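Heads up: the sequence shown runs through residues 6 to 282, numbered per my numbering. We treat Cβ as the ideally placed atom computed from N, Cα and C, and that holds for glycine. For clarity, every value in this text was computed on a predicted model and none was experimentally measured. To start, the structure itself, in structure tokens.
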Amino acid sequence: MSENQQTYNRFSVAQRIEHFVLILSFTILALTGIPQKFAQAGVSEWLIALLGGISTVRIIHRVAATIFILEAIYHVFVVGYKLIVLRLEASMVPSIKDGKDVFDYFTHNIGLKKSAPKMPRYNFGEKMEYWAMIWGLALMGLTGFMLWNPIATTKILPGIFIPAAKVAHGWEAVLAVAAIILWHFYNVHIKHWNWAMIKGRMSREQMEEEHGAELEKIEAGDQRQLPLPEVVQKRARIYVPIAAIVSLALALVVFRFVTFEETAIETIPPAEESGEV
6 MSENQQTYNR FSVAQRIEHF VLILSFTILA LTGIPQKFAQ AGVSEWLIAL
56 LGGISTVRII HRVAATIFIL EAIYHVFVVG YKLIVLRLEA SMVPSIKDGK
106 DVFDYFTHNI GLKKSAPKMP RYNFGEKMEY WAMIWGLALM GLTGFMLWNP
156 IATTKILPGI FIPAAKVAHG WEAVLAVAAI ILWHFYNVHI KHWNWAMIKG
206 RMSREQMEEE HGAELEKIEA GDQRQLPLPE VVQKRARIYV PIAAIVSLAL
256 ALVVFRFVTF EETAIETIPP AEESGEV
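Written as structure tokens, this is what we have:
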């Protein structure tokens, strides 16, 4: 991105920090989770040994999972603030236009349509990634809880649910990593390097290509205006305390989730430590 090129605000500092936390926690989860999924592979054995052994890898994985869940709670709080207090557009909700954009994008790429579609603030690809991440978080969170707390799980569900959760958790992780490498990494770093999540701004050229409809709104001054400060304050006085109480309750649930049960794997010393063969 050249210094003289016109750029547009894309992401705030808070959004970029949130994205960094997401990247960091996801990367750690992948580096500690995939080797457990394919534990017999040579590279997995090497990485597990490098990180201090399987017990350490499991601890790191669980810490990263906890951070990921807390980040998700924060994200829900922020989205709620934008929708309820600021009354911003729910720009990540799929629309009929997204379906039309998919069709127009495909026909443009195969030469049946001259011009590419002009897409909104978040295009159909970004929305797919966003909702796939939410689906993945829900599935991984549920199956992760079952694997983390197998005794509590089997008090409610048949024992067969534990190996089923292990399969679902492992392969959803593989799918998530593959999606990041093959889809997200290509579109953001290979197709063209996107600086928006680093610098917070996007070039006019990239805006035209990926968010043409949003660019037209910006240049026409047709963006939704924020409410008056006194209106924001009035809404915030209601929303913030409620959201804070709910967030605290969820954080306590997470704390309970990560501390209330010790599995057999943790309570039985490893063979090399107990002197057994």
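- Looking from the CA of GLU76, the closest CA among LEU29, ALA35 and PHE108 belongs to LEU29.
- A straight line joining the alpha-carbon of LEU55 with that of LEU233 spans about 55 Å.
- For ASN114, the secondary structure class from DSSP, reduced to helix, strand or coil, is helix.
- Put simply, the backbone Cα of LYS196 is about 21 Å away from that of ASN14.
- When the five nearest sequence neighbours on each side are left out, the beta carbons in the same chain lying within less than 7 Å of the beta carbon of SER49 are those of PRO40 and PHE43, in order along the chain.
- Taking C-beta atoms under 8 Å as the contact rule, VAL263 and THR71 qualify, at a distance of about 6 Å.
- The DSSP assignment places complete alpha helix (DSSP H) segments of no fewer than 4 residues inside the stretch 107-179 at 129-153 and 155-161, in order along the chain.
- Proximity of the stretch 204-223 to the stretch 121-136 meets the contact definition, three or more beta-carbon pairs being nearer than 8 Å.
- Around the Cβ of PHE73, a 10 Å sphere holds 16 or more other Cβ atoms; the residue is buried.
- Within the stretch 35-103, the complete alpha helix (DSSP H) segments at least 4 residues long are 47-55 and 59-85, listed from N- to C-terminus.
- GLU177 is positioned such that its CB atom lies closer than 8 Å to that of MET145.
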